[in-house]
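Throughout the sequence shown, residue numbering follows mature numbering (1 follows the signal peptide of the UniProt record, and there is no 0), covering -18 to -1, 1 to 87 in sequence.
Note that beta-carbon positions come from the ideal geometry of N, C-alpha and C, so glycine has one too.
Here the structure comes first, spelled out in structure tokens, and everything after it is commentary.
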Amino acid sequence: MCLHFWFMLLLLSIHVTCFTVEPNLKHRRCLAPEETPSWNRTFHFNNRSLNLTLEVTDKPSHWILNYIFGILAHERLGYQSVAFVQREWDRPEDAINRLACSDLE
């Protein structure tokens, strides 16, 4: 019984490490090549190219949804630089204030 438990734990850890979230979406493809756009999109501000940055929390459901959106933004919409930033999600007001870009005024 104990040996079976440790064997299953080892298999689970191998499975989890093989499928960890990779923050760089440039190298792997999920969609077929004919479904991807032939153009590249980028954000520019003050003549600088910016990443499409997605905030994630430590909740697995949040990671999954943002990772799927990142794949679609990269492969279907053509954004080349998609990055993930982990944030604490104690107060939703902080996220709304970051979206308001109050530091640019």
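Reduced DSSP secondary structure (H/G/I, E/B, other) of residue i
i, result
"R23", "strand"
"A14", "coil"
"V3", "Here the model assigns V3 a pLDDT of 46, short of 50, so the residue's position is not dependable and the matter cannot be decided."
"E37", "strand"
8 Å contact criterion, which residue i and residue j should meet: CB distance rounded
i, j, result
"V64", "L34", "5 Å"
"R23", "Y61", "5 Å"
Residue i versus residue j: straight-line alpha-carbon distance, rounded
i, j, result
"C83", "A77", "10 Å"
"W71", "P19", "34 Å"
Terminal residues of the beta strand (DSSP E) in which residue i lies
i, result
"S31", "30 to 32"
"Q68", "64 to 68"
Continuous alpha helix (DSSP H) stretch holding residue i: start and end
i, result
"A77", "74 to 81"
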